[in-house]
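Peer 1: Residue numbers (this note's numbering), protein chains in the order written: chain A, 1 to 170; chain B, 1001 to 1090. My questions will all concern the structure given below.
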Ligand SMILES: [Zn+2]
């Protein structure tokens, strides 16, 4: 049985979002009820915003890499979710009785596997989800490494360990 | 006293402390108080107009202050405030 059912139109929308922002990383949430996703929330990637990269809990190697790039280029290798838009998304979920199920982002140049940075920040956030009474989300990646054949994969990231999550179309 | 959790990127300003205490009746006054004890903190949390920056979340107990009254959210003795950087990745 799948951990999460993601209907094909939703998967298509994720690829569309990744392609719309390519070569920059897109990010967002999936929400729904039970094990089924029903809604995509696109969230703005604000890594280019002044001061944003310094505020994020990036690992040292990422900080070094980002410091050598222009603000625009930073969005090719990193994302930071606009917290204001996250708030509006969570507000909408509450209003509609939806559960936040997935945190997604794209890798324009790399495989659909969590990077060191992805794992570090998922680790930092693990205690936050619990504190905010939200369930631990599945992390989903959309890779555009092969532009003609996007690859979508999902993972659980718990206590620093990455395991594949089973996702299936309806 | 209010307990305030400080995220890693801001700890250089708090001499490495992951948790500090403040006496404050609102988020706005907590930020001012923290900035006096740890100069530069306010600038990392708020933009030049005083608004909370878009890559920072502040939670009081279990709630985003954006769901409450933003910086005017009142604080009571024993509240726990968490400063949390926005979700990110690479
Ligand atoms: Zn990533």
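Every residue gets a Cβ at the ideal spot worked out from N, C-alpha and C, and that includes glycine.
Measure from the C-beta of residue 1008 of chain B to each C-beta in chain A and report whether the shortest distance is under 9 Å.
Peer 2: Closer than 9 Å to some Cβ of chain A, the Cβ of residue 1008 of chain B qualifies, so yes.
Peer 1: Could I get the ranges of all uninterrupted beta strand (DSSP E) runs contained in the region 11-87 of chain A, with 3 residues as the minimum, in chain order?
Peer 2: Qualifying beta strand (DSSP E) stretches, in chain order: 27-33 and 36-43.
Peer 1: Against residue 1084 of chain B, what residues of chain A qualify as contacts under a CB-to-CB distance less than 7 Å, listed in chain order?
Peer 2: Chain A residues near residue 1084 of chain B: 128.
Peer 1: Which bits of chain B does residue 106 of chain A rub up against, with CB to CB less than 9 Å?
Peer 2: Chain B residues near residue 106 of chain A: none, gap ~10 Å exceeds 9 Å.
Peer 1: Nearest-angstrom Cα distance between residue 13 of chain A and residue 40 of chain A?
Peer 2: About 8 Å.
Peer 1: Which partner residues does residue 103 of chain A have in the DSSP bridge list?
Peer 2: Note: residue 103 of chain A sits in a beta bridge opposite A:29 and A:139.
Peer 1: Who are residue 154 of chain A's beta bridge partners in DSSP?
Peer 2: According to DSSP, residue 154 of chain A bridges with A:140.
Peer 1: Using the C-alpha atoms, what's the distance from residue 1042 of chain B back to residue 1048 of chain B?
Peer 2: C-alpha separation (whole angstroms): 10 Å.
Peer 1: If we ignore side chains and look at the alpha-carbon of each, how far apart do residue 68 of chain A and residue 34 of chain A end up?
Peer 2: Rounded to the nearest angstrom, the two C-alpha atoms are 43 Å apart.
Peer 1: Could you round the C-beta distance between residue 102 of chain A and residue 140 of chain A to whole angstroms and report it? I think they count as a contact, below 8 Å.
Peer 2: Their Cβ separation, rounded to whole angstroms, is 5 Å, which keeps residue 102 of chain A and residue 140 of chain A in contact under 8 Å.
Peer 1: In the DSSP assignment, find the unbroken alpha helix (DSSP H) run with residue 1019 of chain B in it and report its ends.
Peer 2: Counting along the chain, residue 1019 of chain B falls outside any alpha helix (DSSP H), though it belongs to the beta strand (DSSP E) covering 1019-1022.
Peer 1: Which of helix, strand or coil does DSSP assign to residue 128 of chain A?
Peer 2: Looking at residue 128 of chain A - three-state DSSP - the assignment turns out to be helix.
Peer 1: Assign residue 135 of chain A to buried or exposed, taking buried as 16 or more other Cβ atoms, counted over all protein chains shown, within 10 Å of its Cβ.
Peer 2: Classification of residue 135 of chain A: exposed, given that the 10 Å Cβ count is below 16.
Peer 1: Between the alpha carbons of residue 1027 of chain B and residue 1014 of chain B, how many angstroms are there, rounded?
Peer 2: Whole-angstrom Cα-Cα distance: 18 Å.
Peer 1: So residue 1042 of chain B is in the alpha helix (DSSP H); what residue range does that whole segment cover?
Peer 2: 1041-1045 is the span of the alpha helix (DSSP H), which, as asked, contains residue 1042 of chain B.
Peer 1: Tell me whether residue 1064 of chain B sits in a helix, a strand or coil according to DSSP, three-state version.
Peer 2: Here residue 1064 of chain B sits in strand by DSSP.
Peer 1: According to DSSP, is residue 1075 of chain B part of a helix, a strand, or is it coil?
Peer 2: Looking at residue 1075 of chain B - three-state DSSP - the assignment turns out to be coil, as it is neither helix nor strand.
Peer 1: Output, in sequence order along the chain, the residues in the region 68-88 of chain A whose CB is closer than 9 Å to any CB in chain B.
Peer 2: Of all residues in the region 68-88 of chain A, 77, 78, 79, 80, 81, 82, 83, 84, 85, 86, 87 and 88 have a Cβ within less than 9 Å of some Cβ in chain B.
Peer 1: Counting only the same chain and skipping the five closest in sequence on each side, list residues whose C-beta sits under 7 Å from that of residue 1046 of chain B.
Peer 2: Contacts found: 1031, 1052 and 1053.
Peer 1: Measure from the alpha carbon of residue 1006 of chain B to the alpha carbon of each residue in B:1090, B:1081 and B:1086, then state which is nearest.
Peer 2: It is B:1081.
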